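Here is the structure we will look at, set down as C-alpha cells.
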Amino acid sequence: MFVGTNKHSVDAKGRVIVPAKYRGELGKEFYIIRDFTGGNCLSVYPRDAWEELVGKLKQFPKSNLNAQRFVRSIVAGAETGEIDSQGRMLLKADLKEKTGIKKDVAIVGNIDHFDIWDVEKWEEFDGESHEMLDDNPDFLATLAELDF
Numbered sequence: 037m038f039v040g041t042n043k044h045s046v047d048a049k050g051r052v053i054v055p056a057k058y059r060g061e062l063g064k065e066f067y068i069i070r071d072f073t074g075g076n077c078l079s080v081y082p083r084d085a086w087e088e089l090v091g092k093l094k095q096f097p098k099s100n101l102n103a104q105r106f107v108r109s110i111v112a113g114a115e116t117g118e119i120d121s122q123g124r125m126l127l128k129a130d131l132k133e134k135t136g137i138k139k140d141v142a143i144v145g146n147i148d149h150f151d152i153w154d155v156e157k158w159e160e161f162d163g164e165s166h167e168m169l170d171d172n173p174d175f176l177a178t179l180a181e182l183d184f
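Quick note, my numbering runs 36 ahead of the 1-based positions in the sequence shown.
Here you go:
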C-alpha cells in the first residue's frame, strides 16, 4: 500500500528518487500515466493495479465515443517505467511538461498507486482539499453512509 508524502528533486536528466518504502511494492514492471482526474500530476501504478485499472477501462461501452476517448487518452499516454540501480525512475519530458512538473516534487501515496506532483501544485491542492473538508462538514457524513 502506498501511503505518505515524500519530497524529492528531479535531476537534470529527468530522474527522481522513488522512496525506498515504495520500491518493493512497485515491483520491476510499472506504468506511468498523466492523472485522469485533472491531469495535474503523474500516477504510477504497479503492474497488478494497472491491470485492474485496464480491466475497468475495458468495461466502458465501445459505442460511447466519450468513453472511448477517455480510454484512449489514458492508454495512449501510458509509459512503462523502471527503477535504476540508484532507486530512480525517469520522468519523460512530455509528461513533466503536461503536468507542470519542474524541479521539486511531492511523491504522494494513493493506496494502490502513487502520484508525483510539482511540489507547489501539491501544496495548493492539499490546502484546497483541507479547506473543502473544513467548509463542507456534511461531506464526511456522506462517507459514513459508505461505511467509512
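Even for Gly, the Cβ is constructed at its ideal location relative to N, Cα and C. Everything numeric in this text was worked out from a predicted model, so none of it was measured.
Does DSSP put residue i in a helix, in a strand, or in coil?
i	result
L126	strand
A48	coil
T135	helix
G145	strand
G117	strand
F96	coil
Decide if residue i is buried, meaning its Cβ has at least 16 other Cβ atoms within 10 Å, or exposed.
i	result
A112	exposed
A180	exposed
G117	buried
H149	buried
V39	exposed
R105	exposed
L169	exposed
S188	One cannot answer for residue 188 here, as it falls past the ends of the chain, which runs 37 to 184.
K139	exposed
D130	exposed
A85	buried
K128	exposed
Would you tell me roughly how many angstroms separate the C-alpha atoms of residue i and residue j, rounded to the nearest one?
i	j	result
N146	S99	31 angstroms
F175	S121	44 angstroms
D171	L126	39 angstroms
F66	R83	5 angstroms
L101	R108	10 angstroms
V141	T41	10 angstroms
K157	Y58	22 angstroms
K94	E87	10 angstroms
I143	E160	14 angstroms
What residue range is occupied by the uninterrupted beta strand (DSSP E) comprising residue i?
i	result
N42	T41 to S45
D174	D174 -> not in any beta strand (DSSP E); alpha helix (DSSP H) instead, spanning P173 to E181.
D154	F150 to D154
F66	F66 to R70
Which two residues bound the contiguous alpha helix (DSSP H) that contains residue i?
i	result
A103	L101 to A112
E61	A56 to L62
With 8 angstroms as the threshold, decide whether the Cβ of residue i is near any Cβ in chain C.
i	result
F161	Of the chains in the structure shown, none is chain C; there is only one protein chain.
Return the Cβ separation of residue i and residue j in integer angstroms, given the expectation that the two are a contact with Cβ distance under 8 angstroms.
i	j	result
T135	G75	7 angstroms
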